[in-house]
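Participant: Quick note on numbering: the sequence shown equals residues -28 to -1, 1 to 225 in mature numbering (1 follows the signal peptide of the UniProt record, and there is no 0). We treat Cβ as the ideally placed atom computed from N, Cα and C, and that holds for glycine.
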Amino acid sequence: MNSFLMMASMSVLVFLLLSNSFHSLVDAKSTSSSKSDSSSTGSSSSSSSSSSGKKTGEIFPFRKYEDFQISDGVAGQAFENAGKVFVEPFAGVPLEKITKGDMDNLLKMARAARQNELLFNQALKKAKGSNKSALAAGKIANKVLKLVGEIQVIELQKKLNIKQVDVPAKLAEHQKKLTKNTKVDRSNKGKKMVSYLSTSSSSSSSSSGSGSGSGSGTGSGSEKTKSKSKNKTKSKTKPKKEEKEETKASPED
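What follows is the structure, given as structure tokens:
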């Protein structure tokens, strides 16, 4: 009887030991599998992020027109400044590293330079005197920027075997226009140039300032205008001659 009880207790003890070792083995396996899953998830997410980053245009990131326009400052270096925007980012870069995102950004920015030329035309119609001369010089710089961007698009698409139509004719036409407008910019060397963006912002601030000034002191202002009108009737005003500067403008091309 005693031997039977001893055998039974021994078998229970062995069973408990085996069950404990089994559970610890299962826990170890689940822990290692969860670690491997997390590491694989991390690696897949990093690889996906790197591949998605490649599509966004790492070589040629997109910029708004106001951030890359070259029409403010002093004329004479438009070709060099345009090259810094559209050409230098691709210098020495292997063709296989240029992504669709890079080309899309290049196309959008070259198109923006072309579209903003229309806004230069509108601003020039309203401008007068020295401001008009500076705007005309700024428009020339934008023409050079536009043409350098469009030539870069054509040449890169050609190198990347992207389908185009009449490539030699387009390149010849754009090069001719670029040579002409670069020559005009060189002849304006040292002269002040402005973008239509600068003139529009300054005119809006001055109009708001004049509006606030006219609101204060209405009574005294009306008396002053009456006295001024009387003085005008007594003395004839001489017409002012506008300053004429010889800033050259190119034909619409």
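Determine the direct distance from the alpha carbon of phenylalanine 32 to that of serine 167, and round the result to whole angstroms.
Facilitator: For the purposes of this step, residue 167 is identified with residue 195 of the sequence shown, where counting begins at 1. For the purposes of this step, residue 32 is identified with residue 60 of the sequence shown, where counting begins at 1. Approximately 24 Å between the Cα atoms of the pair.
Participant: Taking 8 Å as the cut-off, decide whether the C-beta atoms of asparagine 77 and asparagine 114 are in contact.
Facilitator: Counting from 1 along the sequence shown, the entry for residue 77 is found at position 105. Counting from 1 along the sequence shown, the entry for residue 114 is found at position 142. Against a cut-off of 8 Å, the Cβ pair of asparagine 114 and asparagine 77 comes out as no contact.
Participant: Does the beta carbon of glycine 73 sit closer than 8 Å to a beta carbon anywhere in chain D?
Facilitator: In the structure shown, chain D does not exist; there is a single protein chain.
Participant: Please report the Cβ distance between alanine 47 and lysine 161, rounded to the nearest whole angstrom; I am assuming they are in contact, meaning their Cβ atoms lie under 8 Å.
Facilitator: As a first step, residue 47 must be located in the sequence shown, where it is residue number 75. As a first step, residue 161 must be located in the sequence shown, where it is residue number 189. The Cβ separation is near 6 Å, so the contact holds.
Participant: Given a cut-off of 8 Å on the beta-carbon distance, is the pair leucine 128 and isoleucine 70 in contact?
Facilitator: The count along the sequence shown starts at 1 and reaches residue 128 at position 156. The count along the sequence shown starts at 1 and reaches residue 70 at position 98. For leucine 128 and isoleucine 70, yes; Cβs fall inside 8 Å.
Participant: Excluding the 5 residues preceding and the 5 following arginine 86 in the sequence, name in chain order all residues of the same chain whose CB lies nearer than 6 Å to its CB.
Facilitator: Here the question's residue 86 lines up with position 114 in the sequence shown. Once the five neighbours on either side are set aside, the close Cβ partners of arginine 86 are Lys118.
Participant: Please report the distance separating the alpha-carbon of valine 120 from that of arginine 158.
Facilitator: Taking the first residue of the sequence shown as position 1, residue 120 is located at position 148. Taking the first residue of the sequence shown as position 1, residue 158 is located at position 186. The straight-line gap from Cα to Cα measures roughly 16 Å.
Participant: I need the boundaries of the alpha helix (DSSP H) containing aspartate 74, first residue and last residue.
Facilitator: On the sequence shown, position 102 is the one that residue 74 refers to. Run containing aspartate 74: 72 to 98, per the alpha helix (DSSP H) assignment.
Participant: Expressed to the nearest angstrom, what Euclidean distance is found between the alpha-carbon atoms of lysine 56 and glutamate 68?
Facilitator: Within the sequence shown, residue 56 is the residue found at index 84, counting from 1. Within the sequence shown, residue 68 is the residue found at index 96, counting from 1. Distance between the alpha carbons of lysine 56 and glutamate 68 is about 22 Å.
Participant: Excluding the 5 residues flanking alanine 99 on each side, which residues of the same chain have their C-beta closer than 6 Å to its C-beta?
Facilitator: In the sequence shown, counting from the first residue as 1, residue 99 sits at position 127. Leu107, listed in sequence order.
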